[in-house]
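Asker: Sequential numbering from 51 applies to the sequence shown in my numbering. Got a structure here, written out as structure tokens. Questions coming.
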Amino acid sequence: MTHLSHLECPRCGEELDASRLQNLCGCGSPLLVRYDLDAMSKDVSPKDVEAGREDMWRFHKFLPVPEEEIVGLGEGMTPIFSLPDAGPEIGAHNLSLKDEGFNPTGTFKARGAACGVSMARYLNATTVAMPTAGNAGGAWSAYAARAGIGCVVAMPQDAPLLTQQECSLFGARTYLVKGLISDAGAIIGRAVERYGWFDASTLKEPYRIEGKKTMGLELAMQLGWKVPDAVLYPAGGGVGLIGIWKAFEELEAMGWIGPERPKMIAVQSEGCAPLVRAFEDGRRDSDFWEGAKTLAGGIRVPKALGDFLVLDALYESGGRAVAVSDEQILEALRLVARTEGLFICPEGAACVAAVSSMIADGYLDPSDEIMIINTGTGLKYSEVVDVDLPVLEVDSDIILDDGGVQT
Ligand SMILES: *Cc1c(COP(=O)(O)O)cnc(C)c1O
Ligand SMILES: [Zn+2]
51 MTHLSHLECP
61 RCGEELDASR
71 LQNLCGCGSP
81 LLVRYDLDAM
91 SKDVSPKDVE
101 AGREDMWRFH
111 KFLPVPEEEI
121 VGLGEGMTPI
131 FSLPDAGPEI
141 GAHNLSLKDE
151 GFNPTGTFKA
161 RGAACGVSMA
171 RYLNATTVAM
181 PTAGNAGGAW
191 SAYAARAGIG
201 CVVAMPQDAP
211 LLTQQECSLF
221 GARTYLVKGL
231 ISDAGAIIGR
241 AVERYGWFDA
251 STLKEPYRIE
261 GKKTMGLELA
271 MQLGWKVPDA
281 VLYPAGGGVG
291 LIGIWKAFEE
301 LEAMGWIGPE
311 RPKMIAVQSE
321 GCAPLVRAFE
331 DGRRDSDFWE
341 GAKTLAGGIR
351 VPKALGDFLV
361 LDALYESGGR
371 AVAVSDEQIL
381 EALRLVARTE
391 GLFICPEGAA
401 CVAAVSSMIA
411 DGYLDPSDEI
421 MIINTGTGLK
431 YSEVVDVDLP
441 VLEVDSDIIL
451 DDGGVQT
């Protein structure tokens, strides 16, 4: 039994039946999943959750999937690391990172895919289809394989080779597109019409948000049912940020946290910053970003379908949207690796890079509890790190430039 009630359109208020597969609202907006929170609060307590299974499904009462229908690979319950050395270097003395790189397929996309694929199969889809920049395709392919349903993926030709390999290896029907993710999306859109596949594109189905919501639920639990002062999230489509925000709203309705909220901060790259531009103009929607370019592929999203949901959360929380350069991203990635032993992804590194300017201008305080969502492992991005290593002949000795002074 779940506490799923209905699907609701956050734009026009329309309510839709949650007992069958749905995509967008008639008005074109993404749909949100609603629950009977009264019944839920009688059925589950913080203690139940704390003693629950060691993956994100310890929160299954907050999710639409009946327990016996869960398709899982061990996603969620990712660790939080403090950054005691990297933090102070950028002026933040209480900086932490929730490391989503520990998920199956190496990114938090696993959370959305676990929930999305579980619901798709439960509601009788036989094939799911989507465009992807890479990581979502890898995750959905894995969960579709686990669930025994078909998966069709279209990705730009320059999507990371590793993600192409994942999709193919997991048995998805995988296509490369001579164009952008938006072009791949148009091709998938025509194919789902023709073949009756379930369109699982970002925010075109309501369940991915629910999976990603578990990041916010876990975060509150891991902090002792409290929220930090600020959450920094690398926003592409912004699904994770929408999910985390929704988690806090539901936890408050359950009486598990109070009304306090972190500043929600969306971080983008200067080469693709549609949400930042909209935020700076005080708008509730964004324009298509022409010529999107950044090495952080997960946030190379020129136009987010749920832009108004992201922007609402930023405004309501007193948050911000900020952009950083690719050079700053690489510098932050190297800093965290060198000082903390963590190989974070460029998207997570963008958040680290964003911290120092916000402390410098007084928006964040050096003592604030700042939480970065590191959305994936750097191991999926080996191509972004250049190395130039000395090469030894087999009989040569190591001669240190500094004469071998031990540091
Ligand atoms: C997809 C992705 C993002 C952006 O996620 P949204 O929720 O769509 O904003 C960030 N980082 C990584 C590593 C990703 O794969
Ligand atoms: Zn609507």
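Glycine included, C-beta positions come from ideal geometry on N, C-alpha and C.
1) With residue 54 as the anchor, note down where its alpha helix (DSSP H) starts and where it stops.
2) What does DSSP give as the partner residue(s) for residue 84 in the beta ladder?
3) Beta-carbon separation of residue 227 and residue 233 under 8 angstroms?
4) Apply the 10 Å Cβ neighbour rule to residue 424 and answer buried if 16 or more other Cβ atoms are within range, or exposed otherwise.
5) Does DSSP classify residue 228 as helix, strand or coil?
6) Give the C-beta separation of residue 82 and residue 57 to the nearest angstrom, bearing in mind that I take them to be a contact with Cβ-Cβ under 8 angstroms.
7) For the segment 101-110 and the segment 198-213, state whether three or more C-beta atom pairs, one from each stretch, are separated by less than 8 angstroms.
8) With DSSP run on the structure shown, which of helix, strand or coil describes residue 174?
9) Applying the 10 Å Cβ sphere with the 16-neighbour rule, what's the burial state of residue 174?
10) So, with DSSP's three-state summary, where would you put residue 61?
11) Below 7 angstroms CB to CB, which residues in the same chain sit around residue 122 once its five sequence neighbours on both sides are set aside?
12) DSSP puts residue 207 in a beta bridge; with which residues?
13) Is the distance from the Cβ of residue 288 to the Cβ of residue 372 below 8 angstroms?
14) Below 8 angstroms between beta carbons: does that hold for residue 166 and residue 286?
15) Helix, strand or coil for residue 440? Go by DSSP, reduced to three states.
16) If I'm right that residue 369 touches residue 426 with Cβ under 8 angstroms, what's the distance once you round it to whole angstroms?
17) Apart from the five residues just before and just after residue 257, which ones in its own chain have a Cβ nearer than 6 angstroms to its Cβ?
18) Residue range of the beta strand (DSSP E) that residue 51 falls in?
19) In its own chain, which residues sit with a C-beta less than 6 angstroms from the C-beta of residue 397, not counting the 5 before and 5 after it?
20) Are there 16 or more other CB atoms within 10 angstroms of the CB of residue 245, so buried, or fewer, so exposed?
21) Any idea what DSSP makes of residue 271, helix, strand or coil?
22) For ligand 1, is there any heavy atom lying closer than 7 angstroms to the beta carbon of residue 128?
23) Taking 6 angstroms as the limit between beta carbons, can you name the residues of its chain near residue 220, skipping five residues before and five after?
24) Comparing the CB of residue 206 with every heavy atom of ligand 1, is any distance shorter than 7 angstroms?
Answerer: Well, looking at it:
1) Mapped onto the sequence shown, residue 54 falls at position 4. Careful: residue 54 lies outside any alpha helix (DSSP H), inside the beta strand (DSSP E) at 54-58.
2) As a first step, residue 84 must be located in the sequence shown, where it is residue number 34. Beta-bridge pairing links residue 84 to 56.
3) On the sequence shown, residue 227 is found 177 positions in, with the first residue counted as 1. On the sequence shown, residue 233 is found 183 positions in, with the first residue counted as 1. Contact flag set, yes.
4) Translated into positions along the sequence shown, residue 424 becomes position 374. By the 10 Å Cβ count, residue 424 comes out buried.
5) Here residue 228 refers to the residue found at position 178 when the sequence shown is read from its first residue. Residue 228 falls in the coil class under three-state DSSP.
6) One-based indexing of the sequence shown puts residue 82 at position 32. One-based indexing of the sequence shown puts residue 57 at position 7. Going by Cβ atoms, the distance from residue 82 to residue 57 rounds to 7 angstroms, so yes, they are a contact pair.
7) no
8) Within the sequence shown, the letter at position 124 stands for residue 174. Coil, per DSSP.
9) Locating residue 174 in the sequence shown gives position 124, where the first residue counts as 1. Burial call: exposed.
10) Along the sequence shown, one-based indexing puts residue 61 at 11. Looking at residue 61 - three-state DSSP - the assignment turns out to be coil, as it is neither helix nor strand.
11) Here residue 122 corresponds to residue number 72 of the sequence shown, with the count starting at 1. Answer for residue 122: 105, 107 and 164, listed in chain order.
12) Counted from its first residue, the sequence shown places residue 207 at position 157. DSSP, once it has assigned bridges, lists no residue as partnering residue 207.
13) Locating residue 288 in the sequence shown gives position 238, where the first residue counts as 1. Locating residue 372 in the sequence shown gives position 322, where the first residue counts as 1. No, the Cβ-Cβ distance between residue 288 and residue 372 is not below 8 angstroms.
14) Within the sequence shown, numbered from 1, the residue matching residue 166 stands at position 116. Within the sequence shown, numbered from 1, the residue matching residue 286 stands at position 236. No. Outside cutoff.
15) One-based indexing of the sequence shown puts residue 440 at position 390. Residue 440 falls in the coil class under three-state DSSP.
16) For the purposes of this step, residue 369 is taken as the residue at position 319 of the sequence shown. For the purposes of this step, residue 426 is taken as the residue at position 376 of the sequence shown. About 22 angstroms; that fails the 8 angstroms criterion.
17) Here residue 257 refers to the residue found at position 207 of the sequence shown. Around residue 257: 165, 166 and 169.
18) Translated into the one-based positions of the sequence shown, residue 51 becomes position 1. Where residue 51 is concerned, there is no enclosing beta strand (DSSP E), given that its DSSP letter is neither H nor E.
19) Position 347 of the sequence shown, counting from 1, holds the residue named residue 397. The residues are 284, 346, 348, 349 and 425.
20) Looking up residue 245 in the sequence shown gives position 195. With fewer than 16 Cβ atoms within 10 Å of its Cβ, residue 245 is classed as exposed.
21) In the sequence shown, residue 271 corresponds to position 221, counting from 1. Three-state result, residue 271: helix.
22) Sequence index remark: in the sequence shown, residue 128 carries index 78 (1-based). Outside the cutoff, so no.
23) Here residue 220 refers to the residue found at position 170 when the sequence shown is read from its first residue. So the list reads 191, 192 and 195, once near-sequence residues are dropped.
24) Within the sequence shown, numbered from 1, the residue matching residue 206 stands at position 156. Because no heavy atom of ligand 1 lies under 7 angstroms away, the Cβ of residue 206 does not count as near it: no.
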